[in-house]
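**Q** Here you go, one structure.
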Amino acid sequence: ARSALEIELDRAQRSSLYGSLGLPAVPASRALPQETLEALVGLHRELARRERESIATPEEARRANTEQRLMMRERHNHIPAIEELAERMLADVGHRSGALSHRSVSRMAEGLGFELIYVDDLPRSTRSVTDLGEGRIYLPPASIPGGHGLRSMALQAMAHRVLGHEEPASYADFLRQRLEINYFAAACLMPLTQSVEFLAEAKARRDLAVEDFRDAFGVTHEAAALRLTNISTTHLDLRVHFLRVGGDGAVYKAYENDGLPLPVDVTGAVEGQPVCREWAARGAFDRTNRTTEFHQYTDTPAGTFWCSTQTGSTAEGEYSISFGVPFAHAKWFRGRETTARSVSRCPDESCCRRADPEDAGRWRDRAWPSARLHAHILAPLPRGSFPGV
1 ARSALEIELD
11 RAQRSSLYGS
21 LGLPAVPASR
31 ALPQETLEAL
41 VGLHRELARR
51 ERESIATPEE
61 ARRANTEQRL
71 MMRERHNHIP
81 AIEELAERML
91 ADVGHRSGAL
101 SHRSVSRMAE
111 GLGFELIYVD
121 DLPRSTRSVT
131 DLGEGRIYLP
141 PASIPGGHGL
151 RSMALQAMAH
161 RVLGHEEPAS
171 YADFLRQRLE
181 INYFAAACLM
191 PLTQSVEFLA
201 EAKARRDLAV
211 EDFRDAFGVT
221 HEAAALRLTN
231 ISTTHLDLRV
241 HFLRVGGDGA
251 VYKAYENDGL
261 PLPVDVTGAV
271 EGQPVCREWA
281 ARGAFDRTNR
291 TTEFHQYTDT
301 PAGTFWCSTQ
311 TGSTAEGEYS
321 ISFGVPFAHA
331 KWFRGRETTA
341 RSVSRCPDES
351 CCRRADPEDA
361 GRWRDRAWPS
371 ARLHAHILAP
381 LPRGSFPGV
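Be aware that the sequence shown starts at 1, since it is given in full-length UniProt numbering, and climbs by one per residue.
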């Protein structure tokens, strides 16, 4: 038994993990007391276990993301404590209505003891970097394409402080913090009281529209649609869904509490799953005129849903933003009179995933595609206290 422990200790001390610590090796000789040998081996086992645990694989990330999505679904995507905090901080800088100005954001930072500094040499993997010692928040000199405006990035950086975040202990903890800082930024850019007043008036006129909400508060279409998911159920008595879908039809983000049958894998994860070709989130890419929202009714195995979809593009490619409700709630929205209607039988593969039998038979032994393998499919997420940085 001792010999096995000596061999295990020797192997552990020759590993790259132990070598990265820069510590000297302890000779596994007979002169080493048994208790010390057992303690050292136990320490190395725990060190290896923690290292394995710290490497968040894509599977762990998907599991944690799924758990968070289901948890927020139970809460109707609403966090009252952050809403109250945001409104209190906005009142402190005198913001009353309309779009939140950059000056107001700067004053909020100053109230926390921070100065906003714009630099062009931030690491590409970061949106901002906060210097806690000197009280500085470093931001890029321009907005990041895809909706990450400077106000939002500054507010997210501040949120870590006002919400009392510490270094994330797990990937799930990291995701929770990301959710909370995004929520805080949205609650500042589209304050609850003002938003509910604006949306309630639009609902009374039966003229709810994401584009109007977006323009009223000077945010992106995606930010406005996501914010609607925070407010619609708790304050407007509406069940809703949201989707961000890539040009290839894969889901980037999704939320629903209206029963929309989101595509999921066997673990319940929705990210990366292909959306039905009959849904507006895919059909919108085929439109010639994309300057306005596209409205459509879709019949699914879970019922009929109405949605509005807006497309956009970044350096990585096209995407669509969809916000919708069940058929019974469409009466409150602009675009309810649309005649566009489709039928989706997904997840039945005969709907849009299975090729025509005749074409499949003709090409089965004659086509050999070479797939483009995305490196992130096999690679673990970058390790460290802040995954991805």
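Glycine included, each C-beta is placed from N, C-alpha and C at the ideal position.
(1) Ignore the nearest five residues each way along the sequence and tell me which others in A31's own chain have a CB closer than 8 Å to its CB.
(2) Assign L139 to one of two classes, buried (16 or more other C-beta atoms within 10 Å of its C-beta) or exposed (fewer than that).
(3) Helix, strand or coil, according to DSSP, for A250 in the structure here?
(4) N289 to V275, Cα distance in whole Å?
(5) Using the Cα positions of residue 396 and L243, report the straight-line distance between them to the nearest angstrom.
(6) Quick check on DSSP: helix, strand or coil for V129?
(7) Hey, could you find the ends of the alpha helix (DSSP H) L175 is sitting in?
(8) By the DSSP assignment, the alpha helix (DSSP H) with V105 in it spans what residues?
(9) Return the residue from the list F327, E278, A186, L132 that minimises the CA-CA distance to V343.
(10) Ignoring anything shorter than 3 residues, give me the beta strand (DSSP E) runs that lie fully in the segment 302-352, in order along the chain.
(11) Quick test of the definition: if touching needs 3 or more C-beta pairs under 8 Å, does the segment 334-351 touch the segment 313-320?
(12) Which of helix, strand or coil does DSSP assign to V245?
(13) Taking its Cβ as the centre, do 16 or more other Cβ atoms sit within 10 Å of T292, making it buried, or is it exposed?
(14) How would you write the range of the beta strand (DSSP E) that L139 sits in, first residue to last?
(15) How long is the line joining the alpha carbons of G98 and T66, rounded to whole angstroms?
(16) Count the other CB atoms within 10 Å of the CB of R69; is the residue buried (16 or more) or exposed (fewer)?
(17) What separation, rounded to the nearest whole angstrom, lies between the Cα atoms of H78 and E180?
(18) Can you tell me where the alpha helix (DSSP H) with H295 in it begins and where it stops?
(19) Can you tell me whether DSSP reads E38 as helix, strand or coil?
(20) Indicate the three-state DSSP secondary structure (helix, strand or coil) for E256 in the structure shown.
(21) Less than 8 Å between the CB atoms is what I'm expecting for A28 and L9, so what's the real figure, rounded?
(22) Is I79 helix, strand or coil when you go by DSSP?
(23) Excluding the 5 residues preceding and the 5 following E51 in the sequence, name in chain order all residues of the same chain whose CB lies nearer than 6 Å to its CB.
(24) Would L192 pass as a contact of A91 if the rule is Cβ separation under 9 Å?
(25) Can you tell me which of P33, Q34, A12, E35 puts its alpha carbon nearest to the alpha carbon of P24?
(26) For I117, which residues does DSSP report across the bridge?
(27) Throw me the rounded Cβ distance for the L47 and H102 pair, which I believe falls under 8 Å.
(28) From the DSSP output, read off the bridge partner residues of P274.
(29) For the alpha helix (DSSP H) containing T229, list its first residue and its last residue.
(30) By Cβ distance, which residues of its chain are closer than 8 Å to K331, with the 5 residues on each side in sequence left out?
(31) Taking DSSP as the reference, what is the three-state secondary structure of L155?
(32) Under 9 Å between the Cβ atoms of E166 and G135?
(33) Quick one: give me the first and last residue of the alpha helix (DSSP H) that G361 is part of.
(34) So if DSSP puts L208 in a beta bridge, which residue, or which two residues, is it bridged to?
(35) Straight-line CA distance for residue 394 to G324?
**A** To lay it out plainly:
(1) None.
(2) Looking at its Cβ environment, which holds 16 or more other Cβ atoms inside 10 Å, L139 is buried.
(3) If DSSP states are grouped into helix, strand and coil, A250 belongs with the strands.
(4) N289 and V275: Cα-Cα distance of roughly 22 Å.
(5) With the chain running from 1 to 389 in the structure shown, residue 396 is simply not present.
(6) Per DSSP, reduced to three states, the secondary structure at V129 is strand.
(7) The continuous alpha helix (DSSP H) containing L175 extends over residues 171-189.
(8) Unbroken alpha helix (DSSP H) run through V105: 102-111.
(9) Of the candidates F327, E278, A186, L132, the one whose C-alpha sits nearest the C-alpha of V343 is E278.
(10) DSSP runs (the beta strand (DSSP E)) wholly in the segment 302-352: 303-314, 317-326, 341-343.
(11) At 8 Å Cβ cutoff, the stretches do not touch.
(12) Residue state, collapsed to three classes: strand.
(13) Around the C-beta of T292, fewer than 16 other C-beta atoms lie within 10 Å, and the residue is accordingly described as exposed.
(14) 136-139 is the extent of the beta strand (DSSP E) around L139.
(15) When only Cα atoms are considered, G98 and T66 end up about 35 Å apart.
(16) For R69, the number of other beta carbons within 10 angstroms of its own is at least 16, and it is reported as buried.
(17) Counting only the Cα atoms, E180 lies some 11 Å from H78.
(18) Not the alpha helix (DSSP H): H295 falls in the beta strand (DSSP E), residues 294-300.
(19) It is helical.
(20) Strand.
(21) With a Cβ gap of about 5 Å, A28 and L9 count as contacting.
(22) If DSSP states are grouped into helix, strand and coil, I79 belongs with coil.
(23) Excluding sequence neighbours, E51 sits near L17.
(24) No, Cβ-Cβ distance for L192 and A91 is not below 9 Å.
(25) Taking only the C-alpha atoms, the option nearest P24 is A12.
(26) Its beta-bridge partners are Y138.
(27) That belief does not hold up - the Cβ atoms of L47 and H102 are roughly 47 Å apart, past 8 Å.
(28) In DSSP, P274 forms a bridge with A250.
(29) For T229, the uninterrupted alpha helix (DSSP H) run begins and ends at 221-236, by DSSP.
(30) The beta carbon of K331 sits closer than 8 Å to those of R206, all from its chain and outside the five residues before and after it, given in chain order.
(31) In the displayed model, L155 falls within a helix according to three-state DSSP.
(32) No, these two residues do not count as a Cβ contact at 9 Å.
(33) Going by DSSP, G361 is part of the alpha helix (DSSP H) stretching over 357-363.
(34) Answer is F333.
(35) The displayed coordinates of the chain run from 1 to 389. Any statement about residue 394 would go beyond what the structure contains.
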